[in-house]
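Enquirer: Residue numbers (the numbering used here): 95 to 340.
Here it is, the structure in full.
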C-alpha cells in the first residue's frame, strides 16, 4: 500500500498558493482551539507516527504555531523505562490522554509497542496480535469520552530519509538530532513497512491519515486540513456567562 502512495506533492500544486491557504487554516485553528478550551467539553489527540526523520517534531511545531501553548501538551515516547515495563503497555500512554479542552500531541505513541517488538521479535506474536484489538478499544474509549483522535503516518521516502539522516551528520546545527540507532532502524525499513501495513489494516476503526512528507509545506497543509475538519465535527460553543451580579 505505502509503495503505491507518493511521498511528494502532486506536480500541479503551487507552493505559494498552498502556503497562503495554510495561513488561513492557522487562523481557523487558533479560533477553534480557543473555543474548545473555553467550553471544556471536547479534546483533541494528535498521533504522529513515521520512520526516523519523517518530520514528527517539525509537524508539531509548524502545525500548532500560533496556538495558545497553555492549551497544548506534547509527549514523546521512547523505549519504555523499567517502571513502564512493569505495567501494561498502555499504562504509560493512558495517563497522558488529553483533559477536556486540551490538545495533546503524541510524538510516536502506543503503536511503538507493536512496531518495535514485531520487528525485533522480543515479544511473542500471540501477544502482539492481542495488542491490535486492545489499542482499538483504547482509542474508542477516548472518543467515547469526548476526545477526537487523529492518527497521522508521515510518509517519507527512503531516499528522502537518507538525505535527512546524512544532514544530521553534516550540519553542526543538527548534530543534536543524530542517533546511531536511526541508521540501524533504516536497515529494517522493509520490515517496518510490513508492520505499518498491518497497523493500517487492523487498527483502522479510527482511520489513519497517510501524509506525504517529503515536502514540509505540503505535509503541514494536509495535517492542518484534517485538524480543522475535526474541530468542525465538534459541537463547539462559547460557554454562557456564569455570574450572580448581572
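For glycine and all other residues, C-beta sits at the position ideal for the given N, C-alpha and C.
1) Measuring only the C-alpha atoms, how far is residue 145 from residue 186?
2) In angstroms with no decimal places, state the Cα-to-Cα distance between residue 276 and residue 259.
3) So, does the CB of residue 320 fall closer than 9 Å to a CB anywhere in chain B?
4) Per the DSSP calculation, residue 201 is bridged to which residue(s)?
5) Please report the distance separating the alpha-carbon of residue 299 from that of residue 230.
6) Tell me the residue span of the alpha helix (DSSP H) that contains residue 339.
7) Using CA atoms only, rank isn't needed, just tell me which of 114, 256, 139, 108 is closest to residue 235.
8) Flag residue 207 as yes when its Cβ comes closer than 8 Å to any non-hydrogen atom of the ligand NAD, and as no otherwise.
9) Does the distance from the CB of residue 344 to the CB of residue 148 come in under 9 Å?
10) Once DSSP output is grouped into helix, strand and coil, what is the label at residue 217?
11) Compute the distance between the beta-carbons of residue 141 and residue 205, then report whether it is under 9 Å.
12) Nearest by alpha-carbon distance to residue 314: which of 120, 271, 97, 261 is it?
13) What residues are listed by DSSP as bridge partners for residue 305?
14) Hey, how far is the Cα of residue 344 from the Cα of residue 195?
Expert: Taking the definition as stated:
1) If I take the Cα positions, the gap works out to 21 Å.
2) Rounded to the nearest angstrom, the two C-alpha atoms are 8 Å apart.
3) Included in the structure is just one protein chain, with no chain B present.
4) Looking at the DSSP assignment, residue 201 forms a beta bridge with 142, 170.
5) A straight-line Cα-Cα distance of about 7 Å links residue 299 and residue 230.
6) Under the DSSP assignment, residue 339 falls outside any alpha helix (DSSP H); it carries neither an H nor an E label.
7) The residue with the shortest Cα to Cα distance from residue 235 is 139.
8) Questions concerning the ligand NAD fall outside what the structure shown contains, since it holds no ligand whatsoever.
9) Past the boundaries of the shown model lies residue 344; the chain is included only from 95 to 340, so the question cannot be answered.
10) Coil, per DSSP.
11) Taking 9 Å as the Cβ cut-off, residue 141 and residue 205 qualify as a contacting pair.
12) When each option's Cα is compared against that of residue 314, the closest is 120.
13) Answer by DSSP bridge pairing, in chain order: 248.
14) Coverage of the chain is limited to positions 95 through 340, which leaves residue 344 absent and any answer about it impossible.
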